[in-house]
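Protein chains in written order, with the UniProt record's numbering: chain F, 1 to 288; chain P, 1 to 295. Beta carbons: idealized from backbone N, C-alpha and C, even for Gly. All values derive from a computational prediction rather than experimental measurement. Everything below concerns the one structure shown next.
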């Protein structure tokens with residue numbers, strides 16, 4: 001039986017723990033010829049440079065700002081869509097709409113970005129309709145000022161449908177008799193929503209918020225990388241793209257790894273802290 | 001299952017509410033479908049029509065498959081399609097094999113090393129190593145510019161592992177005992193009892209892996225030279241970055257509007273997902289995922 005563990009375990013040891021150990025490069029100055037091990041140590045030098053680097057803090061700011069925008073404008077959308085779907089009594093329609101809205105989750109970011117260019121770009125569908133109607137066109141694609149809201153729209157289009165799954169699962173767990181009892185006691189749809197539905201799905205909402213807060217330093221790396229060229233680093237540089245451009249493109253591996261390691265450590269702390277807070281609030285949390 | 005049943009206690013909604021819901025649903029469905037329709041239509045339209053309409057078409061007057069014939073006639077896109085298909089098939093099979101064996105071993109009580117291994121794996125979920133160490137590792141292993149670099153570093157996905165392990169744990173203990181009494185070993189039990197009972201979960205996990213490999217482009221851009229690129233990375237370069245495509249694929253760039261060709265590549269990259277999707281759908285209903293999420 002232990003033999004069955006071996007291939008999978010080997011994968012995790014080599015490609016996760018092996019790479020994890022490779023983080024020592026964050027404390028070194030990478031010399032390609034010498035490789036990770038023989039490159040000279042620089043102590044915390046890379047971290048010191050990072051903390052003094054305005055571009056790094058700008059990337060942190062962009063990351064947090066996009067994450068907050070997503071939290072405010074994306075997070076409620078799957079919940080609202082799930083409530084709408086759950087309220088449908090015609091199951092054929094419900095299943096059809098579910099199927100359609102789950103689909104974009106499986107489409108690659110490359111295609112999603114291309115689709116948005118096609119629909120919202122200068123010569124795209126929306127702008128040519130607006131132009132034909134004599135209205136002013138919208139300048140969204142390639143406009144640094146509109147970039148952050150655009151990324152939220154893209155995330156909504158891609159993942160709002162998929163995000164309903166977990167809410168729908170929670171909604172389907174609510175005991176039908178509670179609704180019936182409430183209705184008999186004279187509670188209308190809103191009161192039933194407030195006193196039956198909401199308390200029932202609150203743990204799921206809290207859980208998802210914790211997960212999102214723990215992961216707040218990650219906002220769609222592929223999504224940003226694909227569009228960074230068209231709007232520039234001022235609008236689209238996030239921590240992950242900063243690491244990519246400093247390290248892979250710029251060849252400053254030690255410095256980039258330091259930024260990546262900083263993100264990993266803070267991220268792990270955030271997950272841990274969010275979990276603690278959830279326990280304090282009497283919720284179940286992620287780790288028991 | 002009968003459609004359209006309203007419980008007795010629920011009041012009949014007002015017409016305004018119903019109309020509002022209907023409008024919302026139609027808008028949601030159109031928002032998802034129309035972009036796909038636009039790329040499909042544009043890819044099927046003639047160059048003249050696309051140019052006359054300013055770069056896109058909602059419904060082609062005179063549909064033609066010319067753009068598809070051009071890009072599938074050898075050249076970069078044809079090669080990239082082959083790479084994507086190969087990586088997807090081989091990668092999915094390897095990933096499934098490793099995930100299944102690992103999930104099975106971790107799902108049985110009392111396996112030597114089971115508990116520490118599980119904790120070791122879950123920890124990687126909390127603390128991923130990061131992009132730079134990953135890149136340097138692939139480089140030091142000598143995997144640069146090999147197709148293995150697209151598969152090995154992402155071989156087992158923790159979420160898929162947890163889904164399968166949860167599913168295996170749900171198989172009644174009596175079945176294991178009965179098989180053991182009949183003299184079956186661990187591998188035999190996995191092959192003849194566990195796997196046949198887990199078809200739905202295997203299908204979902206396999207499709208997740210397949211979609212992941214098909215959609216992957218970043219690792220290709222990181223590790224591979226451009227003549228080995230899979231379809232998504234080609235798409236990224238030629239459609240999003242807007243580098244010319246017609247010249248290199250057909251040698252006669254003037255015949256077809258680049259737009260129709262770009263859209264044809266987009267369609268070709270999307271179609272396999274659309275083909276797999278009904279199967280994915282079929283197994284969602286079995287509650288594989290919701291069961292896993294709850295655990």
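Pairwise C-beta distances place the segment 236-252 of chain F in contact with the segment 58-74 of chain F, as three or more of them are shorter than 8 Å.
Within chain P, the residues whose beta carbon sits less than 7 Å from that of residue 229 of chain F are 241, listed in sequence order.
Three or more Cβ pairs drawn from the segment 221-240 of chain P and the segment 142-150 of chain P lie within less than 8 Å of each other, which places the two stretches in contact.
Residue 240 of chain P places its beta carbon less than 7 Å from that of residue 113 of chain F.
Residue 160 of chain F has its alpha-carbon roughly 30 Å from the corresponding atom of residue 260 of chain P.
For residue 65 of chain F, the uninterrupted alpha helix (DSSP H) segment begins and ends at 54-69. At a cut-off of 7 Å between C-beta atoms, residue 86 of chain F does not count as an interface residue with respect to chain P. The CB of residue 222 of chain F comes closer than 7 Å to the CB of 218 in chain P, given here in chain order. Taking C-beta atoms under 8 Å as the contact rule, residue 112 of chain P and residue 2 of chain F qualify, at a distance of about 5 Å. Here residue 14 of chain P is exposed, its C-beta having fewer than 16 other C-beta atoms within 10 Å.
Straight-line measurement puts the Cα of residue 195 of chain F at about 50 Å from the Cα of residue 233 of chain P. The DSSP-derived three-state label of residue 157 of chain F is helix. Here residue 219 of chain P is not near residue 88 of chain P, since their CB atoms are 7 Å or more apart. Beta bridge pairing from DSSP links residue 41 of chain F with F/28. The C-alpha of residue 194 of chain P is placed about 19 Å away from the C-alpha of residue 7 of chain F. The beta-carbon of residue 89 of chain F is placed less than 7 Å from the nearest beta-carbon of chain P.
Residues of the segment 128-152 of chain F whose Cβ lies closer than 8 Å to any Cβ of chain P, in chain order: 128. For the set P/19, P/266, P/186, P/156, the Cα lying nearest the Cα of residue 124 of chain P is the one of P/156. Going by DSSP, residue 72 of chain P is part of no alpha helix (DSSP H) at all; its letter is neither H nor E.
Using a CB distance cut-off of 7 Å, residue 50 of chain F does not count as an interface residue toward chain P. A check of alpha carbon separations from residue 43 of chain F across F/23, F/55, F/71, F/143 identifies F/23 as the nearest. Taken atom to atom, the span from the alpha-carbon of residue 114 of chain P to that of residue 184 of chain P is near 21 Å. Taking 7 Å as the cut-off, the Cβ atoms of residue 110 of chain F and residue 37 of chain P do not count as close.
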